[in-house]
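Numbers given in the working numbering equal positions in the sequence shown, counted from 1, plus 362.
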Amino acid sequence: MIAKNVLGIVYSNSYDSNLNALTARRTMGSVPFGGRYRLIDFPLSNMVNCGITKVGVIANSNFHSLMDHIGSGRPWDLSRKVDGLTMLPPFTPTHVDSNNRIDTLARIMDYISHSKQEYVLLMDSNFVCNMDLKKLMSFHSGKNADITVAYCTGGAPKLYNQAVVELDITGKVTSVGIDVKTNDDVNYLANVVLIRKALLERLIGDAQSYASVSFEKDILQKNVETLNIYGYKVDEWNCTIDSMETYFAANMALLEKATRKSLFNSQSPVYTKVRDDMPVIYGLSSDCKNSLIADGCQIEGTVKNSIVFRGARVAKGAVVENSILMQDAFVGEDAKLNCVIMDKNTVITPKKVLSGDKSYPLFVGKHIVI
363 MIAKNVLGIV YSNSYDSNLN ALTARRTMGS VPFGGRYRLI DFPLSNMVNC
413 GITKVGVIAN SNFHSLMDHI GSGRPWDLSR KVDGLTMLPP FTPTHVDSNN
463 RIDTLARIMD YISHSKQEYV LLMDSNFVCN MDLKKLMSFH SGKNADITVA
513 YCTGGAPKLY NQAVVELDIT GKVTSVGIDV KTNDDVNYLA NVVLIRKALL
563 ERLIGDAQSY ASVSFEKDIL QKNVETLNIY GYKVDEWNCT IDSMETYFAA
613 NMALLEKATR KSLFNSQSPV YTKVRDDMPV IYGLSSDCKN SLIADGCQIE
663 GTVKNSIVFR GARVAKGAVV ENSILMQDAF VGEDAKLNCV IMDKNTVITP
713 KKVLSGDKSY PLFVGKHIVI
(Lines of atoms letter the chains of each structure in order from A; the text may use other names.)
(Lines give C-alpha, C1' and ligand atoms only; values in the text may rest on other atoms or scores of the structure.)
Protein backbone atom coordinates (compact mmCIF):
# COMPACT_ATOMS: atom_id res chain seq x y z
CA MET A 363 0.00 0.00 0.00
CA ILE A 364 1.35 3.43 -0.99
CA ALA A 365 0.78 6.16 1.59
CA LYS A 366 -0.12 8.69 -1.12
CA ASN A 367 -3.07 6.41 -1.88
CA VAL A 368 -4.46 7.04 1.61
CA LEU A 369 -6.72 9.95 2.57
CA GLY A 370 -6.25 11.09 6.17
CA ILE A 371 -9.25 12.28 8.21
CA VAL A 372 -8.77 13.83 11.67
CA TYR A 373 -11.61 14.48 14.11
CA SER A 374 -10.69 17.75 15.85
CA ASN A 375 -13.69 17.79 18.21
CA SER A 376 -13.39 14.21 19.38
CA TYR A 377 -14.64 13.86 22.96
CA ASP A 378 -14.66 17.61 23.72
CA SER A 379 -17.09 16.97 26.57
CA ASN A 380 -14.47 14.91 28.44
CA LEU A 381 -12.28 17.99 28.75
CA ASN A 382 -14.92 20.68 29.25
CA ALA A 383 -12.67 23.11 31.10
CA LEU A 384 -10.09 23.20 28.30
CA THR A 385 -12.47 22.88 25.35
CA ALA A 386 -14.98 25.56 26.30
CA ARG A 387 -13.36 27.92 23.77
CA ARG A 388 -11.38 25.51 21.61
CA THR A 389 -11.54 22.09 20.02
CA MET A 390 -9.87 19.01 21.49
CA GLY A 391 -7.37 19.25 18.65
CA SER A 392 -6.22 22.73 19.64
CA VAL A 393 -5.69 21.91 23.35
CA PRO A 394 -2.06 22.84 24.24
CA PHE A 395 0.28 20.00 25.15
CA GLY A 396 3.88 19.48 26.19
CA GLY A 397 5.11 23.08 26.29
CA ARG A 398 4.74 24.01 22.62
CA TYR A 399 2.38 21.61 20.85
CA ARG A 400 -1.35 21.13 20.27
CA LEU A 401 -3.02 17.72 20.40
CA ILE A 402 -3.77 17.76 16.68
CA ASP A 403 -0.04 17.97 15.95
CA PHE A 404 0.32 14.26 16.71
CA PRO A 405 -2.17 12.76 14.22
CA LEU A 406 -1.10 15.27 11.55
CA SER A 407 2.60 14.50 12.10
CA ASN A 408 1.95 10.75 12.13
CA MET A 409 0.22 11.03 8.77
CA VAL A 410 2.81 13.16 6.98
CA ASN A 411 5.70 11.14 8.41
CA CYS A 412 4.35 8.02 6.71
CA GLY A 413 3.85 9.82 3.40
CA ILE A 414 0.16 10.80 3.40
CA THR A 415 -0.25 13.98 1.35
CA LYS A 416 -3.99 14.69 1.63
CA VAL A 417 -5.62 15.31 5.01
CA GLY A 418 -9.06 16.62 5.96
CA VAL A 419 -9.67 18.04 9.43
CA ILE A 420 -13.26 17.80 10.65
CA ALA A 421 -14.38 20.68 12.89
CA ASN A 422 -17.83 20.95 14.45
CA SER A 423 -17.49 23.97 16.75
CA ASN A 424 -15.03 26.36 18.44
CA PHE A 425 -12.60 25.89 15.57
CA HIS A 426 -11.20 29.44 15.24
CA SER A 427 -8.22 28.64 17.45
CA LEU A 428 -7.66 25.44 15.46
CA MET A 429 -7.72 27.30 12.14
CA ASP A 430 -5.22 29.83 13.46
CA HIS A 431 -2.93 27.00 14.53
CA ILE A 432 -2.94 24.81 11.43
CA GLY A 433 -3.33 27.61 8.88
CA SER A 434 -2.59 26.31 5.39
CA GLY A 435 -0.81 23.25 6.80
CA ARG A 436 2.66 24.54 5.97
CA PRO A 437 4.40 23.26 9.17
CA TRP A 438 3.35 19.72 8.14
CA ASP A 439 4.24 20.24 4.44
CA LEU A 440 0.55 20.10 3.60
CA SER A 441 0.34 23.49 1.87
CA ARG A 442 0.17 22.05 -1.64
CA LYS A 443 -1.35 22.79 -5.04
CA VAL A 444 -2.34 19.14 -5.32
CA ASP A 445 -3.87 17.43 -2.28
CA GLY A 446 -2.68 19.07 0.98
CA LEU A 447 -4.73 20.03 4.05
CA THR A 448 -8.42 20.94 4.02
CA MET A 449 -10.50 22.28 6.89
CA LEU A 450 -13.95 20.68 6.93
CA PRO A 451 -16.17 22.97 9.07
CA PRO A 452 -19.87 22.25 9.71
CA PHE A 453 -21.96 22.07 6.54
CA THR A 454 -25.20 22.48 8.51
CA PRO A 455 -26.36 25.55 10.49
CA THR A 456 -27.04 23.54 13.63
CA HIS A 457 -24.46 22.12 16.02
CA VAL A 458 -23.46 18.56 15.16
CA ASP A 459 -22.82 16.12 17.99
CA SER A 460 -19.10 15.28 17.82
CA ASN A 461 -19.91 11.77 19.13
CA ASN A 462 -22.13 11.05 16.11
CA ARG A 463 -19.36 9.83 13.83
CA ILE A 464 -21.67 8.36 11.20
CA ASP A 465 -23.47 11.66 10.63
CA THR A 466 -20.14 13.48 10.77
CA LEU A 467 -18.65 11.25 8.06
CA ALA A 468 -21.85 11.42 6.01
CA ARG A 469 -21.73 15.20 5.77
CA ILE A 470 -18.16 15.13 4.41
CA MET A 471 -18.77 12.16 2.11
CA ASP A 472 -18.55 14.37 -0.99
CA TYR A 473 -15.03 15.37 0.05
CA ILE A 474 -14.11 11.71 0.62
CA SER A 475 -15.76 10.47 -2.60
CA HIS A 476 -14.07 13.10 -4.78
CA SER A 477 -10.60 12.27 -3.47
CA LYS A 478 -8.37 10.17 -5.72
CA GLN A 479 -7.14 8.04 -2.82
CA GLU A 480 -8.33 4.44 -2.54
CA TYR A 481 -8.11 4.16 1.27
CA VAL A 482 -9.20 6.31 4.23
CA LEU A 483 -7.40 6.59 7.56
CA LEU A 484 -9.47 7.94 10.47
CA MET A 485 -7.80 9.32 13.59
CA ASP A 486 -8.84 11.20 16.74
CA SER A 487 -7.14 14.25 18.24
CA ASN A 488 -7.12 12.95 21.80
CA PHE A 489 -4.75 10.03 21.07
CA VAL A 490 -1.19 11.15 21.85
CA CYS A 491 1.35 8.88 20.19
CA ASN A 492 4.22 9.00 17.70
CA MET A 493 2.87 6.06 15.72
CA ASP A 494 4.52 4.38 12.75
CA LEU A 495 1.57 4.28 10.34
CA LYS A 496 3.67 2.57 7.66
CA LYS A 497 3.62 -0.57 9.81
CA LEU A 498 -0.17 -0.28 10.16
CA MET A 499 -0.56 -0.03 6.37
CA SER A 500 1.79 -2.95 5.79
CA PHE A 501 -0.15 -5.01 8.33
CA HIS A 502 -3.45 -4.13 6.61
CA SER A 503 -2.13 -5.22 3.20
CA GLY A 504 -0.50 -8.37 4.53
CA LYS A 505 -3.72 -9.54 6.17
CA ASN A 506 -5.87 -8.56 3.18
CA ALA A 507 -8.09 -6.86 5.74
CA ASP A 508 -11.33 -5.01 5.04
CA ILE A 509 -10.81 -2.85 8.12
CA THR A 510 -7.79 -2.51 10.39
CA VAL A 511 -8.20 -0.93 13.82
CA ALA A 512 -5.34 0.07 16.11
CA TYR A 513 -5.65 -1.06 19.71
CA CYS A 514 -3.78 -0.69 23.00
CA THR A 515 -3.71 -2.97 26.02
CA GLY A 516 -4.53 -1.62 29.48
CA GLY A 517 -7.37 -0.02 31.39
CA ALA A 518 -10.04 1.21 28.96
CA PRO A 519 -10.41 5.01 28.72
CA LYS A 520 -13.65 6.49 30.00
CA LEU A 521 -14.97 7.59 26.63
CA TYR A 522 -18.40 7.50 24.99
CA ASN A 523 -18.91 4.16 23.21
CA GLN A 524 -15.38 3.02 24.02
CA ALA A 525 -14.84 -0.23 22.12
CA VAL A 526 -12.80 -3.18 23.35
CA VAL A 527 -11.93 -6.16 21.17
CA GLU A 528 -11.00 -9.80 21.38
CA LEU A 529 -8.68 -11.25 18.76
CA ASP A 530 -7.59 -14.66 17.58
CA ILE A 531 -3.94 -15.70 17.14
CA THR A 532 -3.80 -14.16 13.64
CA GLY A 533 -4.92 -10.75 14.89
CA LYS A 534 -8.44 -10.98 13.48
CA VAL A 535 -11.10 -9.32 15.63
CA THR A 536 -13.56 -11.94 16.85
CA SER A 537 -15.76 -9.74 19.03
CA VAL A 538 -16.32 -6.06 19.80
CA GLY A 539 -17.62 -4.90 23.17
CA ILE A 540 -18.93 -1.41 23.88
CA ASP A 541 -18.52 0.33 27.26
CA VAL A 542 -17.41 -2.89 28.96
CA LYS A 543 -17.40 -2.53 32.74
CA THR A 544 -14.24 -4.12 34.12
CA ASN A 545 -11.15 -3.18 36.11
CA ASP A 546 -9.00 -5.67 34.21
CA ASP A 547 -6.71 -4.84 31.31
CA VAL A 548 -8.44 -5.04 27.94
CA ASN A 549 -7.63 -4.47 24.27
CA TYR A 550 -9.24 -1.08 23.72
CA LEU A 551 -9.46 0.74 20.41
CA ALA A 552 -7.35 3.85 19.90
CA ASN A 553 -9.84 5.06 17.24
CA VAL A 554 -7.29 4.70 14.45
CA VAL A 555 -9.13 3.01 11.56
CA LEU A 556 -7.85 2.11 8.07
CA ILE A 557 -10.51 1.17 5.53
CA ARG A 558 -11.01 1.07 1.76
CA LYS A 559 -12.88 4.18 0.61
CA ALA A 560 -15.55 2.30 -1.33
CA LEU A 561 -16.32 0.11 1.68
CA LEU A 562 -16.55 3.16 3.99
CA GLU A 563 -19.00 4.83 1.59
CA ARG A 564 -21.20 1.72 1.54
CA LEU A 565 -21.12 1.19 5.30
CA ILE A 566 -21.92 4.84 6.09
CA GLY A 567 -24.76 4.82 3.55
CA ASP A 568 -26.23 1.66 5.07
CA ALA A 569 -25.88 2.97 8.62
CA GLN A 570 -27.59 6.25 7.72
CA SER A 571 -30.53 4.41 6.21
CA TYR A 572 -31.12 2.86 9.65
CA ALA A 573 -30.60 6.20 11.45
CA SER A 574 -27.49 4.79 13.15
CA VAL A 575 -25.18 7.10 15.09
CA SER A 576 -22.40 4.92 16.49
CA PHE A 577 -19.42 3.95 14.36
CA GLU A 578 -18.32 1.44 16.98
CA LYS A 579 -21.70 -0.30 17.29
CA ASP A 580 -23.15 0.05 13.81
CA ILE A 581 -20.01 -0.34 11.72
CA LEU A 582 -17.50 -2.40 13.70
CA GLN A 583 -19.59 -4.49 16.09
CA LYS A 584 -22.37 -5.12 13.56
CA ASN A 585 -19.98 -6.35 10.85
CA VAL A 586 -17.41 -8.23 12.92
CA GLU A 587 -18.61 -11.61 11.57
CA THR A 588 -19.08 -10.59 7.93
CA LEU A 589 -15.95 -8.47 7.33
CA ASN A 590 -12.27 -9.19 7.83
CA ILE A 591 -11.56 -6.77 10.69
CA TYR A 592 -8.04 -6.99 12.07
CA GLY A 593 -6.44 -5.41 15.12
CA TYR A 594 -3.00 -3.79 15.02
CA LYS A 595 -1.34 -3.38 18.41
CA VAL A 596 0.25 0.00 19.17
CA ASP A 597 3.64 -0.66 20.75
CA GLU A 598 4.82 2.97 21.04
CA TRP A 599 4.19 5.06 24.16
CA ASN A 600 0.68 6.45 23.99
CA CYS A 601 -2.03 8.11 26.02
CA THR A 602 -5.72 8.55 25.31
CA ILE A 603 -6.92 11.84 26.83
CA ASP A 604 -10.29 11.17 28.47
CA SER A 605 -10.27 13.62 31.42
CA MET A 606 -8.34 16.47 33.05
CA GLU A 607 -6.56 13.84 35.13
CA THR A 608 -5.24 11.93 32.10
CA TYR A 609 -4.35 15.20 30.37
CA PHE A 610 -2.34 16.23 33.42
CA ALA A 611 -0.72 12.79 33.71
CA ALA A 612 0.22 12.73 30.01
CA ASN A 613 2.00 16.08 30.33
CA MET A 614 3.77 14.99 33.50
CA ALA A 615 4.89 11.78 31.75
CA LEU A 616 7.01 13.94 29.44
CA LEU A 617 9.33 14.61 32.37
CA GLU A 618 10.48 10.99 32.04
CA LYS A 619 13.31 10.45 29.56
CA ALA A 620 11.88 7.21 28.13
CA THR A 621 8.57 8.90 27.33
CA ARG A 622 10.25 11.83 25.58
CA LYS A 623 12.45 9.44 23.59
CA SER A 624 9.43 7.54 22.34
CA LEU A 625 7.26 10.57 21.59
CA PHE A 626 9.89 12.88 20.13
CA ASN A 627 12.60 11.51 17.88
CA SER A 628 14.48 12.76 14.84
CA GLN A 629 13.31 9.90 12.59
CA SER A 630 9.65 10.90 12.94
CA PRO A 631 9.43 14.50 14.20
CA VAL A 632 6.30 16.04 15.68
CA TYR A 633 5.62 19.24 13.75
CA THR A 634 3.80 22.30 15.03
CA LYS A 635 3.21 25.96 14.26
CA VAL A 636 6.46 27.86 14.63
CA ARG A 637 6.66 30.77 17.04
CA ASP A 638 10.08 32.41 16.98
CA ASP A 639 11.05 33.70 20.39
CA MET A 640 14.06 34.52 22.51
CA PRO A 641 15.74 31.88 24.70
CA VAL A 642 14.59 31.37 28.28
CA ILE A 643 15.80 34.06 30.71
CA TYR A 644 16.78 32.64 34.11
CA GLY A 645 17.13 35.13 36.97
CA LEU A 646 19.93 34.98 39.52
CA SER A 647 17.55 33.61 42.14
CA SER A 648 15.89 31.05 39.88
CA ASP A 649 15.88 27.34 40.67
CA CYS A 650 14.64 24.88 38.03
CA LYS A 651 14.61 21.10 38.35
CA ASN A 652 13.14 18.31 36.20
CA SER A 653 10.99 20.65 34.09
CA LEU A 654 10.31 21.41 30.43
CA ILE A 655 10.54 25.15 29.84
CA ALA A 656 9.82 26.55 26.38
CA ASP A 657 11.42 29.51 24.59
CA GLY A 658 10.39 33.01 25.58
CA CYS A 659 9.91 32.28 29.29
CA GLN A 660 11.25 34.38 32.14
CA ILE A 661 12.03 32.40 35.30
CA GLU A 662 13.08 34.23 38.45
CA GLY A 663 11.49 31.90 41.01
CA THR A 664 11.45 28.14 41.58
CA VAL A 665 10.08 25.65 39.04
CA LYS A 666 10.08 21.91 39.79
CA ASN A 667 8.51 18.96 37.96
CA SER A 668 6.50 21.25 35.70
CA ILE A 669 5.65 22.01 32.06
CA VAL A 670 6.02 25.70 31.16
CA PHE A 671 4.79 26.91 27.77
CA ARG A 672 6.20 29.72 25.65
CA GLY A 673 6.12 33.22 27.05
CA ALA A 674 5.20 32.24 30.63
CA ARG A 675 6.73 34.19 33.53
CA VAL A 676 7.49 33.15 37.10
CA ALA A 677 8.35 36.07 39.36
CA LYS A 678 10.96 36.18 42.11
CA GLY A 679 10.07 34.16 45.19
CA ALA A 680 7.29 32.23 43.43
CA VAL A 681 7.27 28.44 43.70
CA VAL A 682 5.71 26.31 40.92
CA GLU A 683 5.64 22.54 41.47
CA ASN A 684 3.95 19.70 39.58
CA SER A 685 2.09 22.20 37.42
CA ILE A 686 1.35 23.19 33.83
CA LEU A 687 1.71 26.85 32.85
CA MET A 688 0.37 27.54 29.38
CA GLN A 689 1.37 30.27 26.98
CA ASP A 690 1.91 33.76 28.47
CA ALA A 691 0.76 32.74 31.96
CA PHE A 692 2.12 34.84 34.85
CA VAL A 693 2.86 33.80 38.44
CA GLY A 694 3.41 36.74 40.80
CA GLU A 695 6.03 37.18 43.51
CA ASP A 696 5.93 34.74 46.46
CA ALA A 697 2.94 32.87 45.00
CA LYS A 698 2.90 29.09 45.48
CA LEU A 699 1.40 26.59 43.02
CA ASN A 700 1.16 22.82 43.33
CA CYS A 701 -0.71 20.55 40.88
CA VAL A 702 -2.23 23.50 39.01
CA ILE A 703 -3.10 23.86 35.31
CA MET A 704 -2.99 27.51 34.19
CA ASP A 705 -4.59 28.20 30.80
CA LYS A 706 -3.28 30.85 28.38
CA ASN A 707 -2.91 34.44 29.58
CA THR A 708 -3.85 33.69 33.18
CA VAL A 709 -2.45 35.67 36.11
CA ILE A 710 -1.76 34.61 39.68
CA THR A 711 -1.18 37.73 41.75
CA PRO A 712 1.57 37.91 44.42
CA LYS A 713 1.43 35.73 47.56
CA LYS A 714 -1.51 33.61 46.42
CA VAL A 715 -1.42 29.87 47.28
CA LEU A 716 -3.13 27.37 44.96
CA SER A 717 -2.93 23.64 45.42
CA GLY A 718 -4.60 20.66 43.81
CA ASP A 719 -3.69 16.99 43.63
CA LYS A 720 -2.17 14.78 40.93
CA SER A 721 -5.48 12.92 40.74
CA TYR A 722 -7.47 16.17 40.74
CA PRO A 723 -5.41 19.12 39.42
CA LEU A 724 -6.71 22.64 40.01
CA PHE A 725 -7.60 24.44 36.78
CA VAL A 726 -7.42 28.20 36.16
CA GLY A 727 -9.34 29.22 33.03
CA LYS A 728 -8.18 31.40 30.18
CA HIS A 729 -7.68 35.12 30.95
CA ILE A 730 -8.63 34.66 34.62
CA VAL A 731 -6.82 36.75 37.26
CA ILE A 732 -6.56 35.35 40.80
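The beta-carbon is built from N, C-alpha and C at its ideal position, and this holds for glycine as well.
For clarity, every value in this text was computed on a predicted model and none was experimentally measured.
Asked: Simplified DSSP state of M363, which is helix, strand or coil; Found: coil
Asked: Where L616 falls: helix, strand or coil (DSSP); Found: coil
Asked: Whole-angstrom distance between Q629 and T415, CA atom to CA atom; Found: 18 Å
Asked: From A468, L381, V368, residue whose alpha carbon lies closest to that of S571; Found: A468
Asked: Terminal residues of the alpha helix (DSSP H) in which I566 lies; Found: 559-571
Asked: Contact check, G446 vs V527, beta carbons under 9 Å; Found: no
Asked: A323 versus H431: straight-line alpha-carbon distance, rounded; Found: This structure leaves residue 323 out entirely; the chain is present only between 363 and 732.
Asked: Residues bridged to E528 (per DSSP); Found: S537
Asked: Nearest to V681 (by Cα), restricted to the options D705, I710, G658; Found: I710
Asked: Given G397 as reference, the closest of V715, G694, M688 once Cα atoms are compared; Found: M688
Asked: Coarse secondary structure for N700, derived from DSSP in three states; Found: strand
Asked: Simplified DSSP assignment, three categories, for Y609; Found: helix
Asked: Reference A560, options L483, A691, Q524, D530, closest by Cα; Found: L483
Asked: C-alpha gap between D580 and S475, whole angstroms; Found: 21 Å
Asked: Contact test: S477 Cβ vs the ligand GTP heavy atom, cutoff 8 Å; Found: Absent from the structure shown: the ligand GTP. Ligands present: none.
Asked: CB of P505 within 9 Å of CB of N585, strictly; Found: A small fix is needed here, since residue 505 is Lys in this sequence, not Pro. No, they are not a contact pair.
Asked: Own chain, CB closer than 6 Å to G673, minus 5 neighbours either side, in chain order; Found: G658, Q689, D690
Asked: Other residues of its chain near G694: CB distance less than 6 Å, five sequence neighbours each side excluded; Found: A677, I710, T711, P712
Asked: Under 9 Å between C-beta atoms of T466 and S423; Found: no
Asked: Presumed contact (8 Å Cβ cut-off) between K728 and N707, rounded CB distance; Found: 6 Å
Asked: Nearest neighbour of N700, chosen from F501, F610, S648 [CA to CA]; Found: F610
Asked: The region 628-644 contacting the region 506-514, beta-carbon criterion three pairs below 8 Å; Found: no
Asked: Bridge partner(s) assigned by DSSP for F489; Found: T602
Asked: A552 vs C650 beta-carbon contact at 9 Å; Found: no
Asked: Three-way DSSP call (helix, strand, coil) for Y522 in this model; Found: coil
Asked: F489 versus S717, L617, S605, residue with shortest Cα-Cα distance; Found: S605
Asked: In DSSP terms, what Y513 is bridged to; Found: L551, K595
Asked: Between the CA atoms of K714 and M409 - distance to the nearest angstrom; Found: 44 Å
Asked: Pair within 9 Å by beta-carbon distance, S376 and L428; Found: no
Asked: Span separating the alpha-carbon of D541 from that of E578; Found: 10 Å
Asked: Helix, strand or coil at P405 according to DSSP, with G and I counted as helix; Found: helix
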